[in-house]
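Notes to accompany the following structure.
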Amino acid sequence: MMEMYWHFRIKDYILFHQWYPETLTSYVFSCFAVMTLTISYEFIRLIRWYNLKLHAQHEPCCAADVYDRNHRESGASELPINDPPPCDCRASITSFDPLNLGGVLPKPFMSLKSPLHMSQSALYFVQMFGSYCLMMISMTYNVPLFASMVLGHIVAYFFFGPLMSVEEEERIGDCCS
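At position 151 of the sequence shown the residue is numbered 179 (the working numbering), and the sequence of numbers has no breaks.
What follows is the structure, given as structure tokens:
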């Protein structure tokens, strides 16, 4: 029976029946494995953000970009007399508007076969699997395992945190971060 209180027991199952540290050495390595799993979870979140940011940089973000792209694709050789005003593309990268309710241009729903959607779905699966594994580890109420998980989040935030703004982190995060 699993105890539902904080403990320091070494011989305790971790996620799987096969992951059962019996010695202090294997327990310490298990703590490092939990910390590595936590850092990997945060790294997957960073990869999802970077993937979205790369995609957003190649997409038109306002009417000026669409006009410019359509003008070049039509084969027009001369420049228009009245150029459209420049736009600030940073707003479309950091704002989250999935239905384009406040956007400048109407966007069709993302194709389910697009490479961005496929890669984001795969990364989201890995992120959710990792988050639930970490939740199950925390539910063992094992203090050193929990501390190594918290330490992993701290280390990951130290290295990956400055790379994202708060809005970007909320966009790729989960409900509990």
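We put the CB at the ideal spot given by N, CA and C, even for glycine.
C-alpha gap between residue i and residue j, whole angstroms
i           : j           : result
residue 151 : residue 186 : 22 Å
residue 44  : residue 165 : 10 Å
residue 205 : residue 159 : For residue 205, the pLDDT reaches just 47, beneath the cut-off of 50, and the residue's location in the model is therefore unreliable, although a value from the coordinates is still provided. Spanning the two alpha carbons is a distance of roughly 10 Å.
Integer Cβ distance of residue i from residue j, believed to fall under 8 Å
i           : j           : result
residue 173 : residue 42  : 7 Å
residue 83  : residue 144 : 5 Å
residue 47  : residue 192 : Not really, about 32 Å apart at Cβ, beyond 8 Å.
residue 163 : residue 62  : Not a contact, Cβ separation roughly 12 Å.
residue 147 : residue 79  : 6 Å
Which residues DSSP lists as bridging residue i, in chain order
i          : result
residue 35 : 170
residue 44 : 42
Same chain, Cβ closer than 6 Å to residue i, neighbours up to 5 away in sequence not counted
i           : result
residue 188 : 70 and 74
residue 181 : 66
Cβ shell of residue i (< 8 Å), same chain only, five flanking positions each side left out
i          : result
residue 32 : 169
If we count Cβ pairs, one from each stretch, closer than 8 Å, do we get three or more for the segment 71–81 versus the segment 150–157?
-> yes
Do the segment 166–183 and the segment 33–50 make contact, defined as three or more Cβ pairs closer than 8 Å?
-> A contact between stretches requires three or more CB pairs, one per stretch, nearer than 8 Å, and the segment 166–183 meets this requirement with the segment 33–50.
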